[in-house]
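Asks: Numbering-wise (this note's numbering), the sequence shown opens with residue 778 and increments by one.
All C-beta atoms, glycine included, are put in the ideal place defined by N, C-alpha and C.
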Amino acid sequence: MQKFKVIAPFIREHAKIISSYVFTLFFIGVAIWFVKHEGAELQQVQPLLYKASPFWLALGIAISIVYVFIHGLMYKAAFSAVSGKISMVDGTLLYLKRNFVSVFLPAGGVSSLAFFSAAIEEKGVSKSQINFASSIYGFIGILSVVVIAIPVFIYGLIEGSIGNGEWFGLFAIITLIAVLYFLYRSVITKGLIYRLIIKYIPVVEVYAAEFRESKVERRHFLKTLGYSLLIEVVGIVHIYIAMLTLHLSPSWMIAMLSYIVAVVFLIISPFLRGLGAVEASMSFILLYVVYFLF
């Protein structure tokens, strides 16, 4: 018992250092497991890389780097929308950290938004601004997919390459956006949903008050949406370049459908995000679309 009394304060005092070591060991363990578990698949990749076009491969890598920095700009714009100031480098580092940890978390695309805020707080940005900016980043990330997906799905419907499952996925995302919007309005106006939440979780009232005090600057909000749309376009271009890299017959239609459908299912099925699950689903979609179009 005496030993526990000595250990408990030590753990509380060094909680951040201990947790960082635990996370590091966990990620190293997962990396070792991944290489061991996927060893056969990794060996099969080598012949494909030898046959790949060096020019298109280099261009794909360059676009991947640009893609990361666009996410940094999107974070910067999202923080500017709530009067928070961070640099593109800060936004890029925040994206890289959250994107990395999201692979190992359940519903990682959403749950990762709660991590790695300490460095931003040191820049003078309040916790409420960080939470609000992260919410804007996540919400617009979903909204931009819908903006791109609707015309692509309509064209796919005309071509006969979109099934009921894909339309269900798109409808689910639109419903999710509507729910998030009504939840936002309820918090701002202290509506019925807000009152029910406060009744059962009173601690939320403190954060809701800070949330209501935060004002969104429309210009930076639209700027965030613009960066998010650019990210979707870059994702589609990346798949097209992958086709050229592997000497396949490139098709913008296939690139658009495979990217949008994969992202749609990733949003409505967040547990798909993990070690290769999204890539596997995209491979299935590519085969499915090619079968119907050709």
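Taking 9 Å as the cut-off, decide whether the C-beta atoms of K828 and H1024 are in contact.
Replies: Position 51 of the sequence shown, counting from 1, holds the residue named residue 828. Position 247 of the sequence shown, counting from 1, holds the residue named residue 1024. In this structure, H1024 lies closer than 9 Å to K828 by Cβ.
Asks: For the candidate residues K967, I897, P1027 and V1038, whose alpha-carbon lies nearest to that of K862?
Replies: Along the sequence shown, read from residue 1 onward, the residue named residue 862 stands at position 85. For the residues K967, I897, P1027 and V1038, the minimum Cα distance to K862 belongs to I897.
Asks: Taking D867 as the reference, give the member of S879, I840, V878 and A895 with the closest Cα.
Replies: Here residue 867 refers to the residue found at position 90 when the sequence shown is read from its first residue. For the residues S879, I840, V878 and A895, the minimum Cα distance to D867 belongs to A895.
Asks: Using only CA atoms, which one of I965, L1007 and V902 lies nearest to S864?
Replies: Sequence index remark: in the sequence shown, residue 864 carries index 87 (1-based). With distances taken between Cα atoms, S864 lies closest to V902.
Asks: May I ask you to verify whether the stretch 870-878 touches the stretch 948-965, counting CB pairs closer than 8 Å and requiring at least 3?
Replies: At 8 Å Cβ cutoff, the stretches do not touch.
Asks: Checking 9 Å against the spacing of the C-beta atoms, do A891 and S911 come in under that value?
Replies: Along the sequence shown, read from residue 1 onward, the residue named residue 891 stands at position 114. Along the sequence shown, read from residue 1 onward, the residue named residue 911 stands at position 134. Yes, they are a contact pair.
Asks: Compute the beta-carbon to beta-carbon distance between V859 and Q906, rounded to the nearest angstrom, for a pair I have assumed lies under 8 Å.
Replies: For the purposes of this step, residue 859 is identified with residue 82 of the sequence shown, where counting begins at 1. For the purposes of this step, residue 906 is identified with residue 129 of the sequence shown, where counting begins at 1. About 5 Å separates the two Cβ atoms, so the contact holds.
Asks: Distance check for Y1004 and V922, CA to CA, integer angstroms please.
Replies: Along the sequence shown, one-based indexing puts residue 922 at 145. Along the sequence shown, one-based indexing puts residue 1004 at 227. So the alpha carbons of these two residues sit roughly 12 Å apart.
Asks: If we call anything under 9 Å between Cβ atoms a contact, is I917 one with F998?
Replies: Counted from its first residue, the sequence shown places residue 917 at position 140. Counted from its first residue, the sequence shown places residue 998 at position 221. Result yes, Cβ atoms of I917 and F998 sit closer than 9 Å.
Asks: Curious, which full-length alpha helix (DSSP H) runs of at least 4 residues does the stretch 834-899 contain?
Replies: Whole alpha helix (DSSP H) segments, 4+ residues: 865-879, 885-888 and 895-898.
Asks: Please classify A835 as buried or exposed, where buried requires at least 16 other C-beta atoms within 10 Å of its C-beta.
Replies: What you label residue 835 is simply residue 58 of the sequence shown in a count that begins at 1. Classification of A835: exposed, given that the 10 Å Cβ count is below 16.
Asks: So what does DSSP say about E994, is it helix, strand or coil?
Replies: Indexing the sequence shown from 1 puts residue 994 at position 217. Coil.
Asks: Quick test of your reading: I840 and V1011, contact by CB under 8 Å. State the CB separation rounded to the nearest angstrom.
Replies: Reading the sequence shown from its first residue, position 63 is the one you call residue 840. Reading the sequence shown from its first residue, position 234 is the one you call residue 1011. Yes, I840 and V1011 are in contact; Cβ-Cβ is about 6 Å, under 8 Å.
Asks: Can you tell me whether L826 is buried or exposed, with buried defined as 16 or more other CB within 10 angstroms of its CB?
Replies: Residue mapping note: residue 826 aligns to position 49 of the sequence shown, counting from 1. The residue in question, L826, is exposed, as its Cβ has fewer than 16 Cβ neighbours within 10 Å.
Asks: If I'm right that Y1017 touches P1027 with Cβ under 8 Å, what's the distance once you round it to whole angstroms?
Replies: Against the sequence shown, residue 1017 aligns to sequence position 240. Against the sequence shown, residue 1027 aligns to sequence position 250. That pair is a contact at about 6 Å.
Asks: Taking L1007 as the reference, which of L871, L802 and V924 has the closest Cα?
Replies: Residue numbering aside, residue 1007 sits at position 230 when the sequence shown is read from its first letter. When each option's Cα is compared against that of L1007, the closest is V924.
Asks: Which of the three DSSP states, helix, strand or coil, is assigned to L1025?
Replies: Residue 1025 sits at position 248 when you count from the first residue of the sequence shown. L1025 falls in the coil class under three-state DSSP.
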